[in-house]
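Residue numbers for the sequence shown follow full-length UniProt numbering, beginning at 1 and rising by one.
Think of the CB as a built atom: it goes at the ideal place given N, C-alpha and C, for glycine as much as any other residue.
In what follows, a single structure is set out as structure tokens and then discussed.
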Amino acid sequence: DMSREVRSLLCDPQTSGGLLLAVTPDAEDNVKATAAEFGIDLTAIGELVEARGGRAMVEIR
């Protein structure tokens with residue numbers, strides 16, 4: 001279960017229409033280049049890491 005604060009961060013209705021992608025690090029440049037061909041600017045905002053201490057956690061940079 002997510003806390004109300006975490007749910008608010010991840011499910012903000014103001015981001016309706018936003019797009020979140022998960023790609024492997026070695027594919028990041030290719031995905032960005034392909035998106036740029038269609039006029040879409042992508043920015044990495046975080047990374048998926050192995051869980052620590054048995055807790056799921058979202059880290060955003």
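Test item: CB-CB of residue i and residue j under 9 Å
i	j	result
Leu-42	Leu-21	yes
Ala-51	Glu-28	no
Selected residue, minimal CA-CA separation from residue i, among the options
i	options	result
Gly-46	Ser-3, Arg-7, Glu-5 and Val-23	Val-23
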